[in-house]
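The structure appears right after this line, and notes come after that.
Number of protein chains: 2
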Amino acid sequence: MTPGTLMAAEMAEQPQVIARLVERADAIAAAVRRVAPSPLAATAIVARGSSDHASVLGRYLLELATGRPVSLAAPSLHTLYDAHVDYRDVLALAVSQSGRTPEIVTTLTRLRDAGARGVAITNDPDSPLGLASDLTLWLGAGDEHAVPATKTVTAQLVAFALLARGLGDVPFDDAALTALPDAVAEVLADPEPARRVARTLTGATRLVVTARGLLYGAALETALKLQETTSIVADGLSSADLRHGPIAVVDRGFPVLALLAPGPAHADLVELVALLRERGAQVTTIAPGPDADLPLPDVPEALASIVAVVRAQQLAYELALALGRDPDAPEGLDKVTVT
Amino acid sequence: MTPGTLMAAEMAEQPQVIARLVERADAIAAAVRRVAPSPLAATAIVARGSSDHASVLGRYLLELATGRPVSLAAPSLHTLYDAHVDYRDVLALAVSQSGRTPEIVTTLTRLRDAGARGVAITNDPDSPLGLASDLTLWLGAGDEHAVPATKTVTAQLVAFALLARGLGDVPFDDAALTALPDAVAEVLADPEPARRVARTLTGATRLVVTARGLLYGAALETALKLQETTSIVADGLSSADLRHGPIAVVDRGFPVLALLAPGPAHADLVELVALLRERGAQVTTIAPGPDADLPLPDVPEALASIVAVVRAQQLAYELALALGRDPDAPEGLDKVTVT
Numbered sequence: 324m325t326p327g328t329l330m331a332a333e334m335a336e337q338p339q340v341i342a343r344l345v346e347r348a349d350a351i352a353a354a355v356r357r358v359a360p361s362p363l364a365a366t367a368i369v370a371r372g373s374s375d376h377a378s379v380l381g382r383y384l385l386e387l388a389t390g391r392p393v394s395l396a397a398p399s400l401h402t403l404y405d406a407h408v409d410y411r412d413v414l415a416l417a418v419s420q421s422g423r424t425p426e427i428v429t430t431l432t433r434l435r436d437a438g439a440r441g442v443a444i445t446n447d448p449d450s451p452l453g454l455a456s457d458l459t460l461w462l463g464a465g466d467e468h469a470v471p472a473t474k475t476v477t478a479q480l481v482a483f484a485l486l487a488r489g490l491g492d493v494p495f496d497d498a499a500l501t502a503l504p505d506a507v508a509e510v511l512a513d514p515e516p517a518r519r520v521a522r523t524l525t526g527a528t529r530l531v532v533t534a535r536g537l538l539y540g541a542a543l544e545t546a547l548k549l550q551e552t553t554s555i556v557a558d559g560l561s562s563a564d565l566r567h568g569p570i571a572v573v574d575r576g577f578p579v580l581a582l583l584a585p586g587p588a589h590a591d592l593v594e595l596v597a598l599l600r601e602r603g604a605q606v607t608t609i610a611p612g613p614d615a616d617l618p619l620p621d622v623p624e625a626l627a628s629i630v631a632v633v634r635a636q637q638l639a640y641e642l643a644l645a646l647g648r649d650p651d652a653p654e655g656l657d658k659v660t661v662t
Numbered sequence: 324m325t326p327g328t329l330m331a332a333e334m335a336e337q338p339q340v341i342a343r344l345v346e347r348a349d350a351i352a353a354a355v356r357r358v359a360p361s362p363l364a365a366t367a368i369v370a371r372g373s374s375d376h377a378s379v380l381g382r383y384l385l386e387l388a389t390g391r392p393v394s395l396a397a398p399s400l401h402t403l404y405d406a407h408v409d410y411r412d413v414l415a416l417a418v419s420q421s422g423r424t425p426e427i428v429t430t431l432t433r434l435r436d437a438g439a440r441g442v443a444i445t446n447d448p449d450s451p452l453g454l455a456s457d458l459t460l461w462l463g464a465g466d467e468h469a470v471p472a473t474k475t476v477t478a479q480l481v482a483f484a485l486l487a488r489g490l491g492d493v494p495f496d497d498a499a500l501t502a503l504p505d506a507v508a509e510v511l512a513d514p515e516p517a518r519r520v521a522r523t524l525t526g527a528t529r530l531v532v533t534a535r536g537l538l539y540g541a542a543l544e545t546a547l548k549l550q551e552t553t554s555i556v557a558d559g560l561s562s563a564d565l566r567h568g569p570i571a572v573v574d575r576g577f578p579v580l581a582l583l584a585p586g587p588a589h590a591d592l593v594e595l596v597a598l599l600r601e602r603g604a605q606v607t608t609i610a611p612g613p614d615a616d617l618p619l620p621d622v623p624e625a626l627a628s629i630v631a632v633v634r635a636q637q638l639a640y641e642l643a644l645a646l647g648r649d650p651d652a653p654e655g656l657d658k659v660t661v662t
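Residue numbers (the working numbering), protein chains in the order written: chain A, 324 to 662; chain B, 324 to 662.
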């Protein structure tokens, strides 16, 4: 099989997968409202790896929507340390593509035993995770065969946006949701910018991906995807953390990917990009508008993560090919996570 | 001034700083019990950078002690996105060495305006953060002049242990707390292992630091400290996350630091170290007992982070010197964080 066949095919399914989820927006909203405790003390997200990165967007959107603290659960507290907890009035959202990551299933089970209401966000509603929940949000992304997760990650991002929309006010409207599948298709139909940027990165051994606020999770996912397909050491850092210390290692020619979208975090990123360029860094921008190196369609900041992650997949795919690697099966990676 | 003079002097103060905090253990416990909401819905920790790493230990200990979810706050929600939140029945713990990081002060102020009870963990009780809180836990670490934070970080770790002890059951006893200053002094009196390991790492351009559970925050801090003083690209990763993907970039000679201590996470780390050695990685262990490359005194797992971080400081210091750098003033780093 030609290298990258699986990953390319799965990336191409994303507009459809997202469209099917968006069609279910009102049903998902009604379901999560039925399950969520009222009053709500807090929301806890249980995830790992790529799912952890979708959770970072979820964390922001859910706190904006519910107004209550959102915690990213520490699974080892429940799987290793036998923590005695009281999770009454807590909504626990557990994310696992396969629904079979034992750590995630065990953690959700323990939190529900401690009083939490549990939602499973999974691609397999009959999985152990689905069976361990009060409500299953089925991603409907179909089987994923390439090792780098693509359509399941964007489906998770959309799922979090829909759960937040069900629980309160969110910074995007229904028209933007409906337009999302076309926005993703627009990115996929335009691979040339990713090819061009990939050619500038073939000599990189390390890079930093930076963003802030609503795009921060997309920066983490971009770093993971590049690292998975190319073995380049890639760090995702919030712009605030990058300024605070790691900027010391950014010198002439150091590659940095910056994710930007109009919104409250935009000015901070624009300033950081200028600072990085002053230091001689090789900055690639992922942002709406024709001036960006990797241009994004014009979508609200809260949904920009989704199109940015698709751009990142394209870049990871093109860069792996440019390096003579097979994006479908990076060395040393297995698909199933048993922790 | 001889390179590293400041950092060495500040590291040497740690037994005293910790002893003074431990002496206040009961007073701190009484104070935090007076301030904490009852019943407690959740705890939110507000921090950034090095303080963020101490918060990871805090996150585990506080959830074990209170049984309720612990959230690491996303400051940008409050400083940039104007989130409308209801933080009644939430205990907010804000950490800033200087007490002057505007983002941390603004976030604590907004959370208290939204109903939270706020504790400031700071080295300057008269700072804006101290003045914006219901209770100030003064670290009493004295001024810090070297750029890499040392005594303020270990003071923060101890502060979280003491706050958790005040709020419920913790996995260490008072005898272990009382013995902690001597354990730190024992590490400081024995710099030879760090010198020896530093000589094996002078050729490294990147490395991974791994741990799990109660030692995970120490792994993040170890990576930051090494990166700050040497410009080596250092990633802190939980052992679960390392197995799940990044292990693909670990090949022959790749340097990995593994932090271990007897406890529920120990078996997982022992297995991972064996796997990494099979792959030909250059593994350095930081663990209790004479067999470790960087040996630690025998302290409970919940307090092992503190002695492990002191070992990491030693290594960062020795490695910077071995590379001809000044640990006191790494290139490109400023002391004050304005985000």
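Built from N, CA and C at the ideal position, the CB exists for glycine as well.
Helix or strand or just coil, what does DSSP make of residue 420/B?
Residue state, collapsed to three classes: coil.
Checking 7 Å against the spacing of the C-beta atoms, do residue 638/A and residue 517/A come in under that value?
Their beta carbons are under 7 Å apart, which means residue 638/A touches residue 517/A by this criterion.
Does the beta carbon of residue 406/B come closer than 7 Å to any beta carbon on chain A?
Closer than 7 Å: yes.
When you check each C-beta in the region 364-391 of chain A against every C-beta of chain B, which residues fall closer than 9 Å?
The region 364-391 of chain A vs chain B, Cβ under 9 Å: 364, 365, 366, 367, 371, 372, 373, 375, 379, 382, 383, 386, 387, 389, 390 and 391.
Mind checking if residue 451/B is an interface residue toward chain D, Cβ cutoff 7 Å exclusive?
Of the chains in the structure shown, none is chain D; the protein chains are A and B.
Is the separation between the beta-carbon of residue 596/B and that of residue 581/B shorter than 7 Å?
For residue 596/B and residue 581/B, yes; Cβs fall inside 7 Å.
Which value, in whole angstroms, describes the spacing of the CA atoms of residue 648/A and residue 326/A?
About 8 Å.
For the region 406-420 of chain A, enumerate the residues whose C-beta is nearer than 8 Å to any C-beta of chain B, in chain order.
Listed by position along the chain: 406, 407, 408, 409, 410, 412 and 413.
Note down, one range per segment and in chain order, each beta strand (DSSP E) of at least 3 residues found wholly within the region 407-490 of chain B.
Whole beta strand (DSSP E) segments, 3+ residues: 413-419, 440-445 and 458-461.
Report the three-state DSSP secondary structure of residue 355/A (helix, strand or coil).
In this structure, residue 355/A counts as helix in the three-state DSSP scheme.
Let me know if residue 468/B comes out buried or exposed under the rule of 16 or more other beta-carbons within 10 Å of its beta-carbon.
With fewer than 16 Cβ atoms within 10 Å of its Cβ, residue 468/B is classed as exposed.
Thinking residue 557/B and residue 549/B are a contact (beta carbons under 8 Å), I'd like their distance in whole angstroms, please.
Going by Cβ atoms, the distance from residue 557/B to residue 549/B rounds to 4 Å, so yes, they are a contact pair.
Which word fits residue 426/B, buried or exposed, when buried means at least 16 other C-beta atoms lie within 10 angstroms of its C-beta?
Residue 426/B is buried by the Cβ-count criterion.
Can you give, in chain order, each stretch of the beta strand (DSSP E) that sits fully within the region 516-592 of chain B and has at least 3 residues?
Correct list: 529-534, 556-561 and 578-582.
Nearest-angstrom Cα distance between residue 439/A and residue 561/B?
If I take the Cα positions, the gap works out to 26 Å.
Is the beta carbon of residue 383/B sitting closer than 7 Å to the one on residue 415/A?
For residue 383/B and residue 415/A, no; Cβs fall outside 7 Å.
Which value, in whole angstroms, describes the spacing of the CA atoms of residue 345/B and residue 485/B?
Cα to Cα, the separation comes out at about 8 Å.
Quick check: is the beta carbon of residue 456/B nearer than 7 Å to any beta carbon in chain A?
False, the Cβ-Cβ gap to chain A never drops below 7 Å.
If you follow the alpha helix (DSSP H) that residue 340/A is part of, which residue opens it and which one closes it?
Where residue 340/A is concerned, the enclosing alpha helix (DSSP H) stretches over 337-346.
In chain order, what residues of the same chain lie with their CB nearer than 6 Å to the CB of residue 527/B, ignoring the 5 residues before and after it?
Answer for residue 527/B: 555 and 578, listed in chain order.
Can a CB atom of chain B be found closer than 7 Å to the CB of residue 442/A?
Output row for residue 442/A: interface = no.
Examine the Cβ distances between the region 397-410 of chain B and the region 327-346 of chain B and report whether three or more of them are shorter than 8 Å.
These segments do not touch.
How should residue 324/A be labelled, buried or exposed, when 16 other C-beta atoms within 10 angstroms of its C-beta is the threshold for buried?
Flag for residue 324/A reads exposed.
Return the residues of the region 516-536 of chain A that lie within a Cβ-Cβ distance of less than 8 Å from chain B, sorted by chain order.
The region 516-536 of chain A vs chain B, Cβ under 8 Å: 528, 529, 535 and 536.
Answer yes or no: does any C-beta atom of chain A fall closer than 7 Å to that of residue 425/B?
Answer no: the Cβ-Cβ gap between residue 425/B and chain A never drops below 7 Å.
Could you work out which residue in 538/B, 570/B and 627/B is closest to residue 553/A when comparing CA atoms only?
Among 538/B, 570/B and 627/B, the Cα nearest to that of residue 553/A belongs to 570/B.
Can you give me, in chain order, the residues of the region 585-603 of chain A that have a beta carbon less than 7 Å from any beta carbon in chain B?
Against chain B - using a Cβ distance shorter than 7 Å - the residues of the region 585-603 of chain A are 587 and 588.
Decide if residue 454/B is buried, meaning its Cβ has at least 16 other Cβ atoms within 10 Å, or exposed.
Counting Cβ neighbours within 10 Å, residue 454/B comes out exposed, since fewer than 16 surround it.
Please state if the CB of residue 389/A and the CB of residue 363/A are separated by a distance shorter than 7 Å.
A contact, by the Cβ cut-off of 7 Å.
Can you give the beta carbon distance from residue 545/A to residue 536/A, rounded, assuming they're within the 8 Å contact cut?
So it is not a contact: roughly 15 Å between Cβ atoms.
What does the alpha-carbon distance come out to for the pair residue 522/A and residue 653/A?
Cα to Cα, residue 522/A sits roughly 19 Å from residue 653/A.
Is residue 326/A helix, strand or coil when you go by DSSP?
Here residue 326/A sits in coil by DSSP.
Which first and last residues belong to the alpha helix (DSSP H) in which residue 400/B is found?
From DSSP, the alpha helix (DSSP H) with residue 400/B extends over 398-402.
Please name the residue or residues paired with residue 617/A in a DSSP beta bridge.
BP columns for residue 617/A point to 609/A.
Applying the 10 Å Cβ sphere with the 16-neighbour rule, what's the burial state of residue 394/A?
With 16 or more other Cβ atoms within 10 Å, it is buried.
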